[in-house]
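First up is the structure itself, then whatever we jot down about it.
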Amino acid sequence: MISEEVSGNNKRKFSLSRLLRENPIAQGLFLISPANIYLFIFIVLPLLLVAGLSFLSRGTYGQVEFRFDITNYTRLFDPLYGKILLFSLGVGLGTTVICLVVGYPLAYFLAHAPTKQRSLLLFLILLPFWTNFIIRIFAWMIILRSGGVLDSLLQWLHITQAPLNLLYSPTAVMIGMVYEYLPFVVLPLYTSLEKIENSLLEAASDLGAPPWKAFLRVTLPLSVPGMIAGTILTFIPSMGMFVVPDILGGAKTILIGNVIRNQFLTARDWPFGSAASMILMLLTMIFTLYYTRKAGFGEELLV
Amino acid sequence: MSEKKSSIWLRIYSVLVYGFIYAPILILIVFSFNTQKLNIRWEGFTFHWYEVLFKDGQVLLATRNTVIIAIISTVVATFIGTMAALAMQRYRFPFYNTSETLMYIPIVIPEVVMGISLLVFFVMIKFTLGITTIILSHIAFNVPFVTLVVRARLHGYDKAIDEASMDLGANEITTFRRVTLPTIMPGVLSGAMLALTLSLDDYVITYFTAGPGSTTLPLRVYSMVRFIVTPEINALSTIWVAIIFIILVIGQVAQSKRA
């Protein structure tokens, strides 16, 4: 049948197409190549350039000079930048922990909701997050502004008398970050909690464990994969964040993401910005590797 | 898990969290009809900001750019990503693990790092920043997400139906077109939906790879937030939210009808 399709003059094309038809390895390589080539050119190559750039030095006019320079890295551990680095780590970890604490009960509630309502309840959590990210942060600007919605509400309830001046403070940045990443924690946690067999809890109760103890010894440990997935999904993006500090933090809250952005767009010190990027990437990668090795997960990341 | 009723405290708590999630969006929408210019206190009802918005040439241009970028990058990323998903789920080939690692890089590195690295790359190869560079970058971050979603759908795919098709005399191409593709289509479509959403929403990577004249809606909204801050942003946001809600609700209803 195949030989009927072959005309004598395109033998080479024939052999290639036959290879693709009959050899599964060739088929696999054919299908994966576009992605591999594309990601190599637009992800790996740029990252390698940045890695190289981080060891060069900045010329007087902001140009890059081909002179080996390690001070880009040592500068990062100056008191000034060291403090920013630590502060960013703190904000990243803080956001993650608050998201876990706020999101856990909600995920638990979702996992226990009647099956019919579950998908609607999940959908309602995701709905606002399909709108634009900048728009959501802007909404918090309106709420937190001095004399704005929150201040008016609190004064109307006689909880406070004077404006709280929350906008342009680290608190505002944290509120914005928690808001932004909450669904990234709730969804994987829900996936974990939903999978726990009820019979396990019944067994715990039959063996005399009170509900709180069953929760601590059965539910909590079994939801660890969800917590890890949620932590990774929250911690990595929050470490590099510069938009929320820009909008809600004013000029007062500077994270490592802001430093990187400024080196590339205003200060024009690309080698230093590259070094900061490498350190940020290293931190998040160590973190991710550590956690993914510690507990096998995968499904939770797929939701 | 069981369907037993959650305690009253858990329910109250959940209602409060839902309130926390929805309050900002609702306030934003309400204030888009506010006569006060500063977005601080409610003063009176007006459509004024919508009029201002529809006359704003820059917003219209940004909308056009955003749509072009989202559609092209989604289509290309869906093709590349679906092919990769098929390869990884059904074949074993040399450098399999390397290919898999490559897929995870864009997902696990912070966006700002990806943004600056693409900026450095385009500047070094002297590629003028503009719509093309934004599209190329969006494809790069979308491919892994499409692959992830399609792979998840392929996970339970029964290869026996492909074999049955071949036994009945169909060749690989016919089998793929008439059997495989229709089966994995829901996965491909949800991968494409995710890519579209990520592209429409992206600020960070677009910010670093945009040039003059290639402003997108998120970039425009950002500069309005920083420099103009009138309820025109609220009006724009309200329309954006309304469009997204309508698309999602239609999608959700269509899905639940099929199920």
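Protein sequences appear in the order of chains U and X.
Residue numbering for the first sequence follows my numbering, beginning at 1 and increasing consecutively.
Residue numbering for the second sequence follows my numbering, beginning at 1001 and increasing consecutively.
Glycine included, every Cβ here is placed at the ideal spot set by N, Cα and C.
Bear in mind the structure is a predicted one, so any value in this text is a computation, not a measurement.
Taking only beta carbons into account, state which residues of the segment 1105-1126 of chain X come closer than 7 angstroms to chain U, listed in chain order. I1105, P1106, V1108, I1109, P1110, E1111, V1112, V1113, I1116, S1117, L1118, L1119, V1120, F1121, M1124
Please name the residues in the segment 102-116 of chain U whose beta-carbon is closer than 9 angstroms to at least one beta-carbon of chain X, in chain order. V102, G103, P105, L106, Y108, F109, L110, A111, H112, A113, P114, T115
Between the beta-carbon of F1045/X and the beta-carbon of G1115/X, is there less than 8 angstroms? no
Per DSSP, cross-strand counterpart(s) of N1034/X: F1045/X
To the nearest whole angstrom, what separates the beta carbons of G1187/X and L1154/X, a pair I think is in contact under 8 angstroms? 7 angstroms
Can you pull the chain U residues whose beta carbon is under 7 angstroms from the beta carbon of W1049/X, in chain order? Going along chain U, no residue has its Cβ under 7 angstroms from W1049/X, so there is no contact; the nearest lies around 14 angstroms.
Among residues of its own chain, excluding the 5 on either side of T284/U, which ones have a beta-carbon nearer than 8 angstroms to its beta-carbon? F235, I236, M239, G240
Along the chain, where does the alpha helix (DSSP H) containing R1220/X start, and where does it finish? 1217-1227
Backbone secondary structure at E1100/X - three-state DSSP: helix
Which bits of chain U does Q1252/X rub up against, with CB to CB less than 8 angstroms? F123
Start and end residues, alpha helix (DSSP H) containing T1133/X: 1131-1154
Report all residues from its chain with a CB closer than 7 angstroms to the CB of L53/U; omit the five preceding and five following residues, and keep chain order. V64, W270, P271, S274
Going by DSSP in three states, R67/U sits in which element: helix, strand or coil? coil
Let me know if D1201/X comes out buried or exposed under the rule of 16 or more other beta-carbons within 10 Å of its beta-carbon. buried
Is R1064/X close to chain U? Criterion is C-beta to C-beta, closer than 8 angstroms. no
Would you grab the beta carbon distance between L220/U and S192/U for me? Rounded to a whole angstrom, and I think it's under 8 angstroms. Wrong, their Cβ atoms sit about 10 angstroms apart, outside the cutoff.
Can A1077/X and P1106/X be called in contact, C-beta distance under 8 angstroms? no
In whole angstroms, give me the CA-to-CA distance for N1142/X and A1152/X. 16 angstroms
Could you tell me how far apart the beta carbons of T253/U and P170/U are, in whole angstroms, since I believe they sit closer than 8 angstroms? 5 angstroms
Compute the distance between the beta-carbons of I143/U and I1027/X, then report whether it is under 8 angstroms. yes
Please report whether the beta-carbon of S277/U lies at a distance below 8 angstroms from any beta-carbon of chain X. yes
Identify which residue in G226/U, G82/U, N36/U, P46/U has its Cα closest to the Cα of I279/U. G82/U
Between L1086/X, I1247/X, R1220/X, which lies nearest to T1063/X when the distance is taken from Cα to Cα? R1220/X
Bounding residues of the alpha helix (DSSP H) (the contiguous stretch that carries M141/U): 133-144
Only counting runs of 3 or more residues, tell me where the beta strand (DSSP E) segments fall wholly within the segment 208-251 of chain U, in order along the chain. none
Using a C-beta cutoff of 8 angstroms, does G249/U count as contacting chain X? no
Which term fits M1166/X, buried or exposed, when burial requires 16 or more other beta carbons within 10 angstroms of its beta carbon? exposed
Where L48/U and F123/U are concerned, what is the direct C-alpha to C-alpha distance, given to the nearest angstrom? 40 angstroms
Distance check for L80/U and I256/U, CA to CA, integer angstroms please. 11 angstroms
Of the listed residues V1030/X, T1238/X, A1210/X, N1039/X, nearest to F1127/X (C-alpha basis): A1210/X
For V1309/X versus V259/U, is the C-beta spacing smaller than 8 angstroms? Nothing can be reported for residue 1309/X, as the shown portion of chain X is limited to 1001 through 1259.
Against chain X, does S205/U count as a neighbour if the rule is that its beta carbon must be under 8 angstroms from one of theirs? no
Report the three-state DSSP secondary structure of R58/U (helix, strand or coil). strand
Could you pull the start and end residues of the alpha helix (DSSP H) that K83/U belongs to? 79-112
Proximal residues to S57/U (C-beta, below 7 angstroms), its chain only, five neighbours per side dropped: E65, R67, D69, P271
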